[in-house]
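Residue numbers (our numbering), protein chains in the order written: chain A, 182 to 579; chain B, -7 to 528; chain C, 76 to 288. From the three backbone atoms N, C-alpha and C, an ideal C-beta is built for every residue, glycine too. Working notes, structure below.
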Amino acid sequence: MRFGIIRWMLLGLAAAVLPSVALADWGALNMTEGVTDISRRVYGLHMAIFYICCVIGALVFGVMFYSILKHRKSKGAVAADFHESTTVEIVWTVVPLIILIAMAIPAARVLIKMEDFSDSEMSIKVTGYQWRWQYEYLDEGISFYSQLHPDHNAARQKGSDIDLSQFDNYLKEVDKPLVVPVGKKIRFLHTSADVIHSWWVPALSVKKDANPGFINENWAKIDEPGIYRGKCTELCGRDHGFMPVVVHAVPQEEYDQWVAEQQELMAANATQGERQWTKEELVAQGEKVYGANCMGCHQAEGQGIPGMFPSIAGSAIATGDIETHVQTVLMGVADTPMAAYGSTLSDIDLAAVITYQRNAFGNDLGDTVQPYQMKSLRQGLLQTNADIDQFNLTQGVN
Amino acid sequence: MSQVDTSHDAHHGDHDHHGPAPGLMRWITTTNHKDIGTLYLWFSLIMFFIGGGMALIIRAELWAPGIQIVDPMFFNSMTTMHALVMIFGVVMPAFVGLANWMIPMMLGAPDMALPRLNNWSFWIMPFAFTILLSTLFMDSGGPAGGWTMYPPLVLQMGDSFAFVVFAIHFMGISSVMGSINIVATIFNMRAPGMTLMQMPMFVWTWLITAFLLIATIPVFAGAVTMLLTDRFFETSFFSAAGGGDPVMYQHIFWFFGHPEVYILILPAFGIISHIIPTFSRKPLFGYDSMVYATASIAFLSFIVWAHHMFTTGMPLAAELFFMFSTMMISVPTGVKVFNWVSTMWRGSMTFETPMLFAIGFVVMFTIGGLSGLMLAITPADIQYHDTYFVVAHFHYVLVPGAIYSLMAACYFWIPKWTGNMYDEKLGKMHFWISTIFVNVLFFPMHFVGLAGMPRRIPDYSLQFADWNMIATIGAFGFGFSQLMFVYIIFKCIKGGEKATGEVWEGARGLEWTVASPAPYHTFEESPTITPNTVTR
Amino acid sequence: MTDSSAGHEQQASAAQHPRATSKAHAMVAGKMLALAVGMFGFGYAMVPMYDIICEITGLNGKTGRVSIAEAEAAQAVADREVIVEFTSTINASGSWTFRPTTREMRVKPGQTYQTAYYAENLTDRTTVGQATPSVTPSAAAKYFNKTECFCFTQQLFEPRASKDMPLIFIIDPDLPLNVDRVTLSYTFFNSPDANSTASLSPTLTGFTQEISQ
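What follows is the structure, given as structure tokens:
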């Protein structure tokens, strides 16, 4: 019988250890130390409590296994009859308490530091959407959405034959990363437009829930330039696993240059909505917009998921009256995951995606919606998102 | 007994006095605590395989990066349902089943205090779970917002959400009725002379668990009712648009949810406190402190809930308070572990299957407890929160914790239930195979969690691929090795070496004073308890 | 139901076991049931309790509200400046333009200031919107008092209509010294009850039916 136990233990050890040695990526074993003062302190706390736990575990298990080896009946051990000792009980209540207090003090110190939001140098508002992030640079008037990179998005679809090993950062790449300067105390404001999300960048030790209707704040001061990747960590629906965060931390001069470029780009985009677009242009743009915004639910071929997400291919809305179609996209559908896209998509993107839906997946209406028509469909003097940001920009500090 | 006039309830009297009714009706109409205990245990075993099947779907999808098997929405349904089934369909009913079987026998009582209520408590469960599982086949799909059901996400669910809420209400009613019964049994049905401090630990832990259940399940029922009215009747408890707050749901939920965690583990503490003394042939060390530790864990469990919510944006003072209170809870938990180790110390140990599972429990529950201590450190928790590190932590506490205690309990008491010894060799094999695979399954999750893999995702970055593959191997190994458990149970029911009444050499307590298998009615004549009677 | 049947049940065993009477069982069961019912009520009581706790601690960033008279009778103006920052979020439930007319202000605690948010209905249907405020850091929330605010009131917008919604506020001079910047954030929602009853958007069942045709 004893032999049986040992044999199974050995087999178990082999089963547990061999594949680990062969396959494991040994770099991916521990928390990142990160690139901020806070993240390094957090890492320090993590390692300290880890070592304390190891010591406690070693002591408890040591005593236990010594007892298991020595005090067994098969070795002729005779049971003692003690079953109480007030002294021992007090010792093992007080000693852990002291360890806990010793641990709680540095933890509280770090926590107080984390919660000190004063003297921030810039503010970025991060808004969670199903399933992307909107970044608004409140002082610079820059605003854009950031979502899973289209290549990764295509590769992650069920049944795609795309080889994942070609991606260095599978599911951790976005179409447009957040760019921030190093050495500045950046304040992040977190909120959400739909469900709860959580914005996490491990290297910055920043994780905060984005609650719809409420605002949270957080901050980071990054020491080293680099690319830092994170994820949404609060379950937010079907594509929760597919809304990465990428932060490019760059030196101040590079950042200033990027800001100027973005501001130019946004001004240029504002005029694009005025001109006549060809159907091909709209469909091409619409395909991109569809992939980023609609495909998660309505699927790559517009087939939807029966019972959960309606199809677009051959649907009454996408092949019917164009105004109903526009209204559905603009206003969403109450009590369903169908969001209202009127405030988040520009007229160009709205016109493009509606045109695309009416001319793809076997839908063959041939009609188009022009960006300027979107304007009239909404109202003559409507502003695009870019306009809004321009407006914010010119307001400045009162 | 015979002098009692039962003519006013002749039908019922039949049950009580002449053994079980024949056929299927025995099980439907039974008010016998042993029958109901058996029903609970079978129910939870079946649900264990349903919930386990869901876990295997999850692990199969996570075998490799990319989406291969299921749609992400269905994946979310699986993670949600797996949790609901395992918590409310496996661990809780199994503990209630053990309570039904053992508490009256441990107290020297003939039955539970409220036998007919007992029948109701059980038979609600299959209906509740049929409703819950049927949502998977409805048009709008099963619940996919996580078992915590945070709004507003859960409010995006289709009409089948109403069924989920009703199923939870039914489960809650069943649990509360079962708990009321247990409390009444413990307070009123103890054999004459038995003081509270003479009660076995399993009874003590269940008494405290029952109070936790009665106090928290209704809060949960209230929370899901608010979700229901928010979803269908336009209230705004949790919608900021109407002046509500989604974070408030989390407070209400975790006010239930954290005590719930202890509901899942306190009876396990009780079971382990029986098995270790038995096979160490030595009384439990520090019985009094065990009782006080259990009570203080239960009390503390009400003031730590917000440690699940450190990233929701709480004021600093609240974060500090919940960090300290959470760290505090490790003191009484530590006392328990130290007591078990001291019980083993200088004992005369043998290592039958129940003891192996109990030792496995102590080791792996402690690992889960230590990672829980790490999670209590708020600044570090901000990094750990909602990653696989948390998944590893609570699975260590619940699988080689709660589930192992249930396995241990089954092996420990099955000779008493069936009158036959189980196959010791197979039992040991079951233990070792399970223990190897359960660690292969859950240990790597610590690594991927620390390295940055969030929980509840159907697809992940390539850097996590190796560990996930190992975890999936462990999952299938662990899952299929449980078929051994079923085989051992059937084999034991069919026959085997006959068990004595005492069954184990070091057995202590009233349940071992009756014959094996335990007669359909036990302790119809009350045993006499003196301060020197060994009842625990 | 449970009590009476249980009590009835117990007559038999109570007689067999003198220690256990049906009355005793009913007592315990009744108390436990009362506890359960009470805790169900407590779950609901947590809603107003939460609001009170939020008001005291600023937990969820809900702002305070004072009357104009109170504001004017305010304490001496503090000799420091803090930055008040305004942001806006549009909930995915509606299509709006919604933004502060002022990006940020330097204010002296104790003094009254006025600003406004601009909102515009981007659809060609009459729509009701509603704004909810939130302040961060939460430690500052209870020191942020408004005398006039459009929050939590339903705002009716004709198709494509727009308006400026005024906001008058005063920062309590007791604002903790380590707070140098207060962010007031408004989220603009489609009003849940006002819009779903009107035939503005198809209901869920209507929608799915329409699609599946």
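In angstroms with no decimal places, state the Cα-to-Cα distance between residue 277 of chain A and residue 359 of chain A.
For residue 277 of chain A and residue 359 of chain A, the distance between alpha carbons rounds to 44 angstroms.
Look up residue 401 of chain A in the DSSP assignment and say whether it is helix, strand or coil.
In this structure, residue 401 of chain A counts as strand in the three-state DSSP scheme.
Check whether the Cβ of residue 208 of chain B lies closer than 9 angstroms to any Cβ atom in chain C.
It does; some Cβ of chain C falls within 9 angstroms.
For residue 135 of chain B, is the classification buried or exposed, using 16 other Cβ atoms within 10 angstroms of its Cβ as the cut-off for buried?
Burial call: buried.
Per DSSP, which residues does residue 312 of chain A bridge with? Please list them.
BP columns for residue 312 of chain A are empty, so no partner.
On the CB-based measure, 16 or more other CB atoms within 10 Å of its CB, does residue 346 of chain A come out buried or exposed?
Per the 10 Å Cβ criterion, exposed.
For residue 512 of chain A and chain B, any beta-carbon pair shorter than 9 angstroms?
No, because no Cβ of chain B sits closer than 9 angstroms to the Cβ of residue 512 of chain A.
Do the segment 121 to 138 of chain B and the segment 146 to 156 of chain B meet, that is, are 3 or more Cβ pairs less than 8 angstroms apart?
Output reads yes: the segment 146 to 156 of chain B touches the segment 121 to 138 of chain B.
Measure the CB-CB distance between residue 283 of chain B and residue 248 of chain B and report whether it falls below 9 angstroms.
Not closer than 9 angstroms, so no.
Around the C-beta of residue 269 of chain B, are 16 or more other C-beta atoms found within 10 angstroms, so that it is buried, or is it exposed?
Residue 269 of chain B should be labelled buried.
Give a yes or no on whether the minimum CB-CB distance between residue 129 of chain C and chain B is below 9 angstroms.
Interface residue, yes.
What residue range does the alpha helix (DSSP H) around residue 508 of chain A cover?
That run of the alpha helix (DSSP H) goes 503 to 512.
Among the residues of its own chain, which have a CB less than 8 angstroms from the CB of residue 393 of chain B, if the five just before and after it don't count?
Counting only Cβ-Cβ distances below 8 angstroms, and skipping sequence neighbours, we find 257, 260, 353, 356, 357 and 360.
My understanding is that residue 124 of chain B touches residue 76 of chain B, with C-beta atoms under 8 angstroms, so please give their C-beta distance in whole angstroms.
With a Cβ gap of about 7 angstroms, residue 124 of chain B and residue 76 of chain B count as contacting.
With DSSP run on the structure shown, which of helix, strand or coil describes residue 419 of chain A?
In the structure shown, residue 419 of chain A sits in coil (DSSP, three-state: anything other than H, G, I, E or B).
Give the single residue among A:537, A:542 and A:532 whose Cα lies nearest to the Cα of residue 554 of chain A.
Closest by alpha carbon: A:532.
Using the beta-carbon of each residue, which ones in chain A are nearer than 7 angstroms to residue 243 of chain B?
What residue 243 of chain B touches in chain A: nothing, since even the nearest Cβ is about 13 angstroms away.
Output yes if chain A places a C-beta closer than 9 angstroms to the C-beta of residue 303 of chain B; else output no.
Closer than 9 angstroms: yes.
Since residue 371 of chain A is in the alpha helix (DSSP H), which residue starts that stretch and which ends it?
From DSSP, residue 371 of chain A is part of no alpha helix (DSSP H) but of the beta strand (DSSP E) over 366 to 373.
Chain B partners of residue 310 of chain A, CB-CB under 9 angstroms?
Here the premise fails: no neighbours, minimum Cβ distance about 13 angstroms.
Alpha carbon to alpha carbon, how far is residue 195 of chain B from residue 177 of chain B? Give it in angstroms, no decimals.
If I take the Cα positions, the gap works out to 10 angstroms.
Go ahead and label residue 225 of chain B buried or exposed: buried means 16 or more other beta carbons lie within 10 angstroms of its beta carbon, across all protein chains shown.
Answer is exposed; the Cβ neighbour count stays below 16.
Going along the segment 223 to 250 of chain A in order, which residues come within less than 7 angstroms of chain B, judged by CB to CB distance?
So the close ones are 223, 226, 227, 230, 231, 234, 237, 238, 241, 242, 244, 245, 248 and 249.
How would you write the range of the alpha helix (DSSP H) that residue 371 of chain B sits in, first residue to last?
Element bounds for residue 371 of chain B: 370 to 376.
Report yes if the C-beta distance between residue 257 of chain C and residue 180 of chain B is below 9 angstroms; otherwise report no.
Cβ distance not < 9 angstroms, so residue 257 of chain C and residue 180 of chain B don't count as in contact.
Residue 328 of chain A to residue 500 of chain A, Cα distance in whole Å?
Computed Cα separation, rounded: 29 angstroms.
Under 9 angstroms, do residue 254 of chain C and residue 215 of chain C count as touching if we go by C-beta distance?
For residue 254 of chain C and residue 215 of chain C, yes; Cβs fall inside 9 angstroms.
Should residue 531 of chain A be flagged as near chain B, meaning a C-beta pair shorter than 9 angstroms?
No, no contact with chain B.
According to DSSP, is residue 182 of chain C helix, strand or coil?
Here residue 182 of chain C sits in strand by DSSP.
Between which residues of its own chain and residue 489 of chain B is the CB-CB distance below 8 angstroms, once the five residues before and five after are set aside?
The answer, listed in chain order, is 412 and 413.
Hey, is residue 527 of chain B's beta-carbon within less than 9 angstroms of any beta-carbon in chain A?
Chain A contact via Cβ: absent.
Beta-carbon separation of residue 241 of chain B and residue 293 of chain B under 9 angstroms?
Contact: no.
Output yes if chain C places a C-beta closer than 9 angstroms to the C-beta of residue 11 of chain B; else output no.
It does not: the Cβ of residue 11 of chain B has no partner Cβ on chain C nearer than 9 angstroms.
Would you list, in chain order, the members of the segment 344 to 368 of chain A that have their beta-carbon closer than 8 angstroms to a beta-carbon of chain B?
So the list reads 345, 346, 348, 350, 351, 352 and 353, given in the order they occur along the chain.
Check whether chain F comes within 9 angstroms of residue 370 of chain A, counting only Cβ atoms and requiring the distance to be less than that.
The structure shown contains no chain F; the protein chains it does contain are A, B and C.
Return the residue from the list B:90, B:17, B:18 and B:219 that minimises the CA-CA distance to residue 37 of chain B.
Comparing Cα positions, the closest option is B:90.
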